[in-house]
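Residue numbers are given in the working numbering: position 12 of the sequence shown equals residue 12, and the series is strictly consecutive. Accompanying notes for the structure given below.
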Amino acid sequence: MESSSPQRQLITPEDVLESLMNDGTIDAIRLKIITQLKANEELKNTTIKMVEQSKVLNTPGAEKQTKRELFDALRQELETSVLEKASKSVWELILDNNGLGKEISETVEKVFCRLSVREPPLFPSSVEPRLERGKEKETEESGGKQQDNIMDNSGSSTKKRKFDGRGTEEGTDEVAS
């Protein structure tokens, strides 16, 4: 039995990740995340407020400590809570369906398609316009607040599951580094 089409090999998530690491995409995404974190005024302001309210700096005699001693004490006091807030901000960026999250998803899909010799998109976005048309029609007919909520919730939970399903190990490694 001869087949005229080439045999497709099974492409694993590890294959896609390796390709993204080798072509510099992971580094580029990491840089974009760092840039967006640095520009996050809310995160900056929260961190500044935490430092200003720290026990370390507001303890009598703190002015007599060296900068290194203060830094080490501040780090011990605030590192976990600051990193938790930064981690939350990173996940918000990664899961953003309109910004970086969308870019990451599209990039992963393109690499998967290239490796598996398929044409993108794997998951046509024709579903979204149908949902939008349904939402508009419902809104016109009856105000559609309940229908809007159903559409919004089903769309967002599907997207979240898709990202969460990819595995949090990859994201955790990125945040940790």
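From the three backbone atoms N, C-alpha and C, an ideal C-beta is built for every residue, glycine too.
{"query": "So, helix, strand or coil for Val56, using DSSP?", "result": "coil"}
{"query": "For Arg68, name the three-state secondary structure that DSSP assigns.", "result": "helix"}
{"query": "Within the same chain, show all residues whose beta-carbon is closer than 8 Å to that of Leu100, passing over the 5 residues directly before and after it, in chain order.", "result": "Ile29, Lys32, Ile33, Gln36, Leu93 and Ile94"}
{"query": "Is the segment 78-92 close to the segment 39-46, with three or more CB pairs under 8 Å?", "result": "yes"}
{"query": "Between the Cα of Leu20 and those of Phe112, Val117 and Glu119, spot the shortest distance and give me the residue it belongs to.", "result": "Phe112"}
{"query": "Can you tell me where the alpha helix (DSSP H) with Thr35 in it begins and where it stops?", "result": "Thr25 to Lys38"}
{"query": "Out of curiosity, what's the CA-to-CA distance linking Gln76 and Arg114?", "result": "46 Å"}
{"query": "What residues in its chain sit with their C-beta under 6 Å from that of Thr47, if we drop five residues either side in the sequence?", "result": "Val82"}
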